[in-house]
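Undergrad: Here the sequence shown is numbered in this note's numbering, starting from 97 and rising by one per residue. We put the CB at the ideal spot given by N, CA and C, even for glycine.
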Amino acid sequence: MIKKEKIIVLVISAVIILTSLTILLKKDQIEQKFKSSKNLSSVYEANEKKRIEKRFNAKIKNDKLRGILNSLSIDKLEIANTIMENDKLVEFLNAPNIQEYIDNVDYEKAVENSKIAKSLKELELLSPELERYLKDELLQNNYAKSIQKLKDRPEVIKTRKRITKLLPIKSTKNTLENLSENELMKISEILSKSPITIEFVEKKDIRKYNLNQIVEISKTLYQIGKINPELAIEIEEMANGLNIRKAALYGDLYVKDEEFENIINKEYEKGNYTFENPFIKYNPYGRTPLSYGIKYNNKGVEDLIRVTVLGIGGMPNFSYIHKYNGYQMLPIVGLYPKKENVVLLEVLNPKSKTVLKSLKLKLKTFPVDDRLPAISIEKRVSGSIQPGFNLVSYNLKEEAIPFAFDSMGNMRYILKTGKDIRRARIEKIEPGIWDIKNDEDKFQLNILGKILGRIGREESKDKDENKKTKYLVRNNNLLTVTSYMDGSYPSALFSEYGLDSKEEVFRAVIYYDKDGADENIIQDGERVMLYEGDSEE
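Shown next, in the form of structure tokens:
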């Protein structure tokens with residue numbers, strides 16, 4: 097009898113164990129059957145809701161948050177329950193001292209804390225009311241920014257340690273430690289794009305880098321310096337004579353020149369060029385679209401060359417003389433736009449100026465930049481106008497495009513200085529050499545647009561007057577340049593007045609493309625000989 101009872105007990109125990117295991121292993125399937133059963137689903141949901149609510153009541157201290165969570169549907173309540181398994185999240189919801197989390201400097205702890213941000217984002221999706229509570233009441237202000245900081249904290253801690261090593265600059269450690277997270281992240285992003293800068297800061301030997309690399313290093317360090325003034329000073333001291341700011345702002349100009357120079361030399365070396373068959377390069381430095389450069393082997397003998405651009409549309413020929421040494425390009429300037437220009441080259445006897453040999457070229461040019469103004473010649477008294485070209489300091493909002501036009505309104509020279517130099521004035525200082533001055537620097541360029549050097553900051557003597565008058569000595573005339581006239585069409589005026597004849601001998605109205613002097617303006621103007629020994633009215 098006793099043996100029979102033992103068997104019954106063992107069987108019942110086995111059944112219970114098997115049933116328990118089945119329930120445990122097939123819990124999800126059983127729950128799904130309860131949910132899908134019309135009779136059992138309401139019972140299951142009610143019990144499940146009570147179970148989760150009981151758990152929330154034990155975990156969440158804030159009555160309002162508990163109420164919002166408990167008002168969720170059973171499906172969303174179950175999602176919330178899963179999210180709340182993150183104990184760090186529960187801890188944060190009960191005591192949301194965000195500053196303590198943000199100030200944390202332990203990396204492992206920051207990684208755990210960053211998961212809170214992810215969980216909060218998941219909670220926001222469950223209901224608009226819950227989202228409002230989290231954004232408006234949990235932290236009360238700057239919720240989104242604070243949660244982003246929490247999320248970024250591990251990377252910030254890692255970045256702070258990394259940057260101190262990547263920028264081993266004397267005295268920067270304290271500066272870097274006091275930077276904001278946003279500033280650190282910006283520096284990290286900047287450095288990630290320039291491994292060569294990291295190498296330079298470590299070795300501090302600028303001599304091993306080429307021009308292109310120096311410009312990249314300068315731009316990177318200049319960007320970092322702009323983030324924090326103290327850091328900028330420390331970087332400047334570390335650079336040991338390298339003007340980071342100037343190299344960053346203007347370095348691209350020299351890089352472009354070097355690239356053009358390399359292209360010119362590479363193309364020139366492919367052939368055996370003579371005066372009769374010269375190397376011809378259109379706009380050799382990319383800044384003077386109405387010019388050509390010519391080069392040939394003159395066997396070490398300096399040639400005296402007269403360049404003559406034949407006149408078009410009633411304009412006289414334009415001639416100038418150039419000493420060609422074989423190293424620098426012979427500039428061909430004063431060409432007409434959108435034309436096939438006929439140019440005569442003549443090698444002269446240095447003493448008698450007789451022609452030793454000559455060459456006729458046909459050089460094609462293209463339409464001018466649409467951003468340049470239109471020129472209308474309203475009066476031109478031939479023979480009374482002082483010879484030369486009208487040199488114009490023309491500025492757009494962020495860029496200078498100086499140009500020169502003749503007495504019939506043809507643009508004959510354009511210099512595209514680019515956005516690096518910004519707004520500027522042009523001045524001829526000697527034959528074939530320009531001074532280009534912006535608000536803080538002065539550059540020298542040759543007539544083909546190649547940069548010869550940066551002279552540096554100079555106190556400007558130029559006054560920003562709307563009307564400027566200049567005395568033209570040769571013909572005893574006065575040239576008045578009016579920078580901006582705001583009429584039916586915004587315009588500028590070049591007017592030449594004969595002091596002997598007591599009348600206007602030349603009048604050119606220049607029509608701007610846009611309204612407003614800040615958009616386009618002629619900063620200054622003068623009458624110049626475009627090149628040494630030139631002649632044209």
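1. Mind the definition here: the stretch 247-255 touches the stretch 208-224 only if three or more C-beta pairs lie below 8 Å; say whether that holds.
2. With T513 as the anchor, note down where its beta strand (DSSP E) starts and where it stops.
3. Please classify M581: does DSSP put it in a helix, a strand, or coil?
4. Cα separation between G528 and L280?
5. Taking the continuous alpha helix (DSSP H) assigned at T450, which residues delimit it?
6. Around the C-beta of L136, are 16 or more other C-beta atoms found within 10 angstroms, so that it is buried, or is it exposed?
7. Out of Y607, L440, P380, L457, which one is the CA nearest neighbour of K512?
8. Between which residues of its own chain and E227 is the CB-CB distance below 7 Å, once the five residues before and five after are set aside?
9. Which residue from K493, N506, I543 puts its Cα closest to that of K610?
10. Work out the CA separation of D516 and L349 for me, nearest whole Å.
11. In chain order, which alpha helix (DSSP H) runs of at least 4 residues are fully inside the stretch 334-369?
12. Using beta-carbon positions only, say whether M507 and L468 come within less than 8 Å of one another.
13. Okay, do the stretch 391-407 and the stretch 434-445 touch, 3+ Cβ pairs below 8 Å being the bar?
14. Which residue wins for smallest C-alpha separation from E295, given the options V201, N413, G409, L262?
15. Relative to the C-alpha of R518, which residue among A496, D537, A500, I360 is closest?
16. May I have the straight-line CA-CA distance separating R603 from K282, to the nearest angstrom?
17. Am I right that L426 and I390 are in contact with their C-beta atoms under 8 Å? What's the rounded C-beta distance?
18. Return helix, strand or coil for K195, following the three-state DSSP convention.
19. Residue range of the beta strand (DSSP E) that R476 falls in?
20. Does the stretch 382-399 touch the stretch 418-435, meaning 3 or more C-beta pairs lie closer than 8 Å?
21. CB R550 to CB D537, shorter than 8 Å?
22. Jot down the residue ranges of each uninterrupted alpha helix (DSSP H) in the stretch 476-510, minimum 4 residues, whole runs only, in chain order.
23. Taking the C-alpha atoms as reference points, what is the distance between L568 and D535?
24. From the DSSP output, in three-state form, read off V569 for me.
25. Buried or exposed for R147, going by 16 or more other Cβ atoms inside 10 Å?
26. Tell me which residues share the same chain as E365 and place their Cβ nearer than 8 Å to its Cβ, disregarding the 5 neighbours each side in the sequence.
27. Could you tell me whether the stretch 569-579 touches the stretch 478-488, where touching means 3 or more Cβ pairs closer than 8 Å?
28. Whole angstroms is fine: what's the gap from N177's alpha carbon to L275's?
29. Take I302 and list the residues in its own chain whose beta-carbon comes closer than 6 Å to its own, dropping the five residues that flank it on each side.
30. Assign Y229 to one of three DSSP states: helix, strand, or coil.
31. Once DSSP output is grouped into helix, strand and coil, what is the label at L635?
32. Helix, strand or coil for Y392, going by three-state DSSP, please let me know.
33. Taking the beta strand (DSSP E) that K533 falls in, what are its first and last residues?
34. Run through DSSP, which three-state label would D620 get?
35. Leaving out five residues on either side along the sequence, give the residues of the same chain with a beta carbon under 7 Å from the beta carbon of Y369.
36. In its own chain, which residues sit with a C-beta less than 6 Å from the C-beta of N200, not counting the 5 before and 5 after it?
TA: The relevant details are as follows:
1. yes
2. Here T513 belongs to no beta strand (DSSP E), and DSSP marks it neither H nor E.
3. strand
4. 49 Å
5. Looking at the DSSP string, T450 is not in any alpha helix (DSSP H), and its letter there is neither H nor E.
6. Note that L136 scores 49 on pLDDT, short of 50, meaning its location in the model is unreliable; the coordinates nonetheless yield the value given after this. Classification of L136: exposed, given that the 10 Å Cβ count is below 16.
7. P380
8. E220
9. K493
10. 7 Å
11. 340-365
12. yes
13. yes
14. L262
15. A496
16. 55 Å
17. 4 Å
18. A small fix is needed here, since residue 195 is Gln in this sequence, not Lys. Correct three-state label for Q195: helix.
19. 470-476
20. yes
21. yes
22. none
23. 27 Å
24. coil
25. exposed
26. none
27. yes
28. 39 Å
29. L338
30. helix
31. In the structure displayed, the chain extends from 97 to 633; residue 635 sits before or after that span and is not available.
32. coil
33. 529-533
34. strand
35. F375, K391, Y392, N393
36. A206
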